[in-house]
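Trainee:
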Amino acid sequence: MVYTTPVRAAEFKSAYGPKYKFQPNINGWNQTSLLRTGVRSASFGGAAVVGLLLYVSGIPRVQRDVLQKIPFVGRYFIQPEVHPQDNDEIFHIPQAQRYCEGKFLEWDDKITTPPGLYLFSILLQKTAAAVKLPWVFSCDTSSLRITNVLGLIVLASLTLLCRHEIESRLYEAHSSARLKAISKYAVHTAFNIALFPLLFFFSGLYYTDVISTAVVVGGYLNHLKRVGRDRSSFVSDLITVLLGTLALLMRQTNVFWIVVWMGGLEAVHALKTMRPQHAEQPFMTTLTDQVKFYAWRYSVGDIHDPPLNLAWPDDMLFTAISLAIAALCNPIRVIRQIWPYISVLAAFASFVAWNGGVVLGDKSNHVATIHLAQLLYIWPFFAFFSLPLLLPHVIPILDIARNVLRSLSQSGQRAGSSQPSKTSRSFEFSRFVKSKRPEGSKARDTRSTASQVALETPSHGSPSPALRTADFIFNSKFIPWIIYTLLTFVVSTAIVKFNTIIHPFTLADNRHYMFYIFRYTIRRGSLIRFMLIIPYTISRWMVWGTLAGCADWILSSNRELCSARYNVNEPAPYTSYPLWIAWGTKKTQTNVEYPQDVSQMPRNSASTDGELRGTVEDDPLLVSAEPTSTSTGLIFLLATTLSLMTAPLVEPRYFILPWVMWRLLVPAWRVHDHAHINSLFEGVAPRSIVGKTREVFKRYDVRLVLETLWFVAINVATGYIFLMKPYVWKDEQGRNLEDGRLQRFMW
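Going from the sequence shown to the numbering used here is simple: count from 1 and add 1156.
#1: Looking at the strands, I want to know which residues DSSP matches up with residue 1892.
#2: When you compare the CB positions of residue 1341 and residue 1777, do they come within less than 8 Å of one another, or not?
#3: Among 1381, 1728 and 1702, which residue has its Cα nearest to the Cα of residue 1395?
#4: Does the structure place the region 1326–1340 close enough to the region 1278–1287 that three or more beta carbon pairs sit under 8 Å?
#5: With H, G and I counted as helix, E and B as strand and the rest as coil, what does DSSP make of residue 1385?
#6: Going straight from the alpha carbon of residue 1722 to that of residue 1526, what length do you get?
#7: Return the CA-CA distance between residue 1444 and residue 1451, expressed in angstroms with no decimal places.
#8: State the DSSP-derived secondary structure class of residue 1422, mapped to helix, strand or coil.
#9: Using 8 Å as the cut-off, can you tell me whether the region 1891–1902 makes contact with the region 1867–1882, which would need three or more C-beta pairs spanning the two stretches below that distance?
#10: Just checking my contact of residue 1534 with residue 1800 at CB under 8 Å: how many whole Å lie between their CB atoms?
#11: Report back the beta-carbon spacing between residue 1427 and residue 1457 to the nearest angstrom; my notes put them in contact at under 8 Å.
#12: Does the beta-carbon distance from residue 1424 to residue 1787 come in below 8 Å?
#13: Among 1344, 1410, 1789 and 1673, which has the Cα closest to the Cα of residue 1316?
#14: Look at the alpha carbon of residue 1700 and the alpha carbon of residue 1819, and state the distance between them as a whole number of angstroms.
#15: Hey, would you say residue 1150 sits closer than 8 Å to residue 1441, going by beta carbons?
#16: Could you check which residue in 1465, 1518 and 1751 has the C-alpha nearest to that of residue 1383?
#17: Could you tell me which whole beta strand (DSSP E) segments of length 3 or greater appear in the region 1243–1317?
#18: Between which two residues does the alpha helix (DSSP H) holding residue 1881 run?
#19: Three or more C-beta pairs closer than 8 Å, one from the region 1459–1471 and one from the region 1397–1408: is that the case here?
#20: At the level of alpha carbons, what is the spacing between residue 1378 and residue 1496?
#21: Just to confirm, is the Cβ distance from residue 1261 to residue 1809 under 8 Å?
#22: Check whether the Cβ atoms of residue 1536 and residue 1738 lie closer than 8 Å to each other.
#23: Return the CA-CA distance between residue 1798 and residue 1870, expressed in angstroms with no decimal places.
#24: Could you give the residue range of the alpha helix (DSSP H) that holds residue 1504?
#25: Starting from residue 1463, follow its DSSP beta bridges and name the residues at the other end.
#26: For residue 1446, name the three-state secondary structure that DSSP assigns.
#27: Given this structure, state the Cα-to-Cα distance separating residue 1373 from residue 1311, to the nearest angstrom.
#28: Whose C-alpha, out of 1245, 1391, 1648 and 1453, is nearest the C-alpha of residue 1266?
#29: In terms of alpha-carbon separation, which member of 1680, 1888, 1401 and 1326 lies closest to residue 1271?
#30: Just to check my reading of the structure: residue 1349 and residue 1297 have Cβ atoms closer than 8 Å, yes? What is that Cβ distance to the nearest angstrom?
#31: When we look at the beta-carbon of residue 1896 and count the other beta-carbons within 10 Å, is it buried (16 or more) or exposed?
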């Protein structure tokens, strides 16, 4: 018998939940908790001591370079270094100070965005005065810059909650248990979003971007909670209208992310709550009968919306068609869900009519123009900043190169003895070709097999030539992909030739990095512009594949290893491909139950919580590796297109919101999702360094660590250039312009 003592707990094993392993402790403090607390205390204490030593050193450059990075305290060192006249703060800070003085009718025509940022600053000023601490926020330059520091902290918290809600919705769609614990992947994702170079950089200045992004992400969090139930409450609808209006006060283009992005997602949610009974599909021999049957199924809510990792280009087409038919046949259900977003759109339209245009202030230099080239520039932007997340796409290329070199070596060794037969070489080539897949999608083995059997068996009648042709085109693995690739190349070429716009501001302001990007790429000549279509396309493939998860876009060796819940052997609930032909005893594409209303699900019991907690501890990436749906990806593309295509000026800041939304949707990646990676670890001892590294990679997305280091490196480099490499504009005779005012390189 083991008795309880202050040092040792009694032995206990629950009949439910995970197996508990007690450790010796003193009032709850064991070796692990003491070690963690000690390390954290030493880290914070050491940082404080180092900061104190740097301060008392009296070295000006050390104080400027190091201490100014400390939140709240660093402003006392950055103020004499960066003057508002060095950047666009020359417009924003005086306008905010007028608002702090109550002069709400005075407006600088150089400012084109709404006054939401200034209203937030007034709120902070009033709050500080209410708590008898007016010196904390006095509307001076340093105080106003604190607005974005606080905004970045709020943004990090909101992104953490958003990622948790995304994981909860995806997990609860196929599980009866509610997900309560926040995953490590969600925490690290939120941390990296806060480190995103553009957000991190402008959090130290008085710009609108950080607060605007935080408000939109807050609206997105509200949306994620709304889609957890079939019907939202009237209070939730009013909150949605309030958050949408608040987002419009930040920036005009937020209307696309509120109305199109969130409103579109809720329209799809309204259609998915119809949950029709799965209907058995009869064997049909004509394309007309096939189209009529699926048009009826779509009209009752049996839409086609597979997970993005299972979607081919034709799946995206049929997803859009099925959603359009379902929405047209059920308008009341859709409007009842999205009326708050329609109200926000009506408010925005009223503002445009009253203002005489979208832009406030100087309208002459900000005329809305169709600028489709923005849709090409965004993919290299994503690829550059999210370079570590593209790691899964590099590994298959290295694996192919290794196999090619190995084959060449083996061929050289066999050259003196015997040559491989032509048949074996063609077999190896065909095996490679069959394994090729588009970005982040899986092969439709089961679909193709069913269609081929139906076409080859005449007992149910002979399919019409039209059905044969459609089946051949859409159920093959490569024809839709080839058509899609050629079409995107043609469209990209047309955009580059006819719609490349270079705004005068891009050429006139050499403070911004975009000036140099255009100077050394797009302005080098028409041939360079067309050659850039290749990196545009490759970047798009990689970015889209990263969003899909389990993205082996060259090899299909991980087809059975993917951690996603649904695969080619187990279709997702919303699988209704219109060219699937019923054959034999299988009359439905899927029998998986539709996701249920989370609000109607019973609360987890203690045993369920314990089992789920134990499962997540054994596999920390279990709830984070699920990809989003195809409809979500399509609506994301639509919102991104509308928010960018009307802006003639190319600025990295315009890409912040698309990147944040994309980053929130990116699923976790496991190293062991790839067979060619697992082969590298064969024969490795578990206790060796390589073996332990493999175990860490299995339990944690290593890309997040690389992403953190990548962002830190970019932030250090751009921060150093901004602070320590100012320059003065000069004319052709070498005379100073702008009264010799310092200019600084920035995004």
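Every residue gets a Cβ at the ideal spot worked out from N, C-alpha and C, and that includes glycine.
Mentor: By the coordinates alone:
#1: Counting from one through the sequence shown, the residue named residue 1892 turns up at place 736. For residue 1892, which the question treats as bridged, DSSP gives the partners 1886.
#2: Here residue 1341 is taken as the residue at index 185 of the sequence shown, counted from 1. Here residue 1777 is taken as the residue at index 621 of the sequence shown, counted from 1. A contact, by the Cβ cut-off of 8 Å.
#3: Stepping through the sequence shown from its first residue, residue 1395 is reached at position 239. Residue 1381 is the option with its Cα nearest to residue 1395.
#4: No: the two stretches stay apart, fewer than three of their Cβ pairs being nearer than 8 Å.
#5: On the sequence shown, residue 1385 is found 229 positions in, with the first residue counted as 1. Judged by DSSP in its simplified three-state form, residue 1385 adopts coil rather than helix or strand.
#6: Here residue 1722 refers to the residue found at position 566 when the sequence shown is read from its first residue. Here residue 1526 refers to the residue found at position 370 when the sequence shown is read from its first residue. Going from the Cα of residue 1722 to the Cα of residue 1526 covers about 40 Å.
#7: Counting from 1 along the sequence shown, the entry for residue 1444 is found at position 288. Counting from 1 along the sequence shown, the entry for residue 1451 is found at position 295. Between residue 1444 and residue 1451, the C-alpha separation is close to 10 Å.
#8: As a working mapping, residue 1422 is identified with position 266 in the sequence shown. Helix, per DSSP.
#9: These segments touch.
#10: Start at 1 with the first residue of the sequence shown, and residue 1534 comes out as number 378. Start at 1 with the first residue of the sequence shown, and residue 1800 comes out as number 644. 7 Å between Cβ atoms; contact.
#11: Against the sequence shown, residue 1427 aligns to sequence position 271. Against the sequence shown, residue 1457 aligns to sequence position 301. A Cβ-Cβ separation of about 6 Å places residue 1427 in contact with residue 1457 under the 8 Å criterion.
#12: Translated into the one-based positions of the sequence shown, residue 1424 becomes position 268. Translated into the one-based positions of the sequence shown, residue 1787 becomes position 631. Against a cut-off of 8 Å, the Cβ pair of residue 1787 and residue 1424 comes out as a contact.
#13: Position 160 of the sequence shown, counting from 1, holds the residue named residue 1316. It is 1344 whose Cα lies nearest to the Cα of residue 1316.
#14: By one-based count along the sequence shown, residue 1700 stands at place 544. By one-based count along the sequence shown, residue 1819 stands at place 663. Taking C-alpha positions only, residue 1700 is separated from residue 1819 by approximately 11 Å.
#15: With the chain covering 1157 to 1903 only, the question about residue 1150 has no answer from this structure.
#16: In the sequence shown, the residue the question calls residue 1383 occupies position 227. Residue 1751 is the option with its Cα nearest to residue 1383.
#17: Runs found: none.
#18: On the sequence shown, residue 1881 is found 725 positions in, with the first residue counted as 1. Following the DSSP letters along the chain, one finds residue 1881 in no alpha helix (DSSP H), marked with neither H nor E.
#19: No, because fewer than three Cβ pairs between the region 1459–1471 and the region 1397–1408 fall closer than 8 Å, the two stretches do not touch.
#20: For the purposes of this step, residue 1378 is identified with residue 222 of the sequence shown, where counting begins at 1. For the purposes of this step, residue 1496 is identified with residue 340 of the sequence shown, where counting begins at 1. Taking the CA atoms as reference points, residue 1378 sits about 12 Å from residue 1496.
#21: Start at 1 with the first residue of the sequence shown, and residue 1261 comes out as number 105. Start at 1 with the first residue of the sequence shown, and residue 1809 comes out as number 653. In this structure, residue 1809 does not lie closer than 8 Å to residue 1261 by Cβ.
#22: Reading the sequence shown from its first residue, position 380 is the one you call residue 1536. Reading the sequence shown from its first residue, position 582 is the one you call residue 1738. Inclusion of residue 1536 and residue 1738 in the CB contact set at 8 Å is not warranted, their separation being larger than that value.
#23: For the purposes of this step, residue 1798 is taken as the residue at position 642 of the sequence shown. For the purposes of this step, residue 1870 is taken as the residue at position 714 of the sequence shown. Cα to Cα, the separation comes out at about 29 Å.
#24: Position 348 of the sequence shown, counted from the first residue, corresponds to residue 1504. If you look at residue 1504, you'll find it in the alpha helix (DSSP H) that goes 1487–1511.
#25: In the sequence shown, the residue the question calls residue 1463 occupies position 307. Residue pairing by DSSP puts residue 1463 in a beta bridge opposite 1785.
#26: For the purposes of this step, residue 1446 is taken as residue 290 along the sequence shown, with counting starting at 1. Three-state result, residue 1446: helix.
#27: Mapped onto the sequence shown, residue 1373 falls at position 217. Mapped onto the sequence shown, residue 1311 falls at position 155. Cα-Cα distance, rounded: 7 Å.
#28: Position 110 of the sequence shown, counting from 1, holds the residue named residue 1266. Ranking the options by Cα distance to residue 1266, first place goes to 1245.
#29: The residue given as residue 1271 occupies position 115 in the sequence shown. For the residues 1680, 1888, 1401 and 1326, the minimum Cα distance to residue 1271 belongs to 1401.
#30: Walking along the sequence shown from the start, residue 1349 turns up at place 193. Walking along the sequence shown from the start, residue 1297 turns up at place 141. Between residue 1297 and residue 1349 the Cβ distance is about 27 Å, and since that is not below 8 Å, they are no contact.
#31: As a first step, residue 1896 must be located in the sequence shown, where it is residue number 740. The residue in question, residue 1896, is exposed, as its Cβ has fewer than 16 Cβ neighbours within 10 Å.
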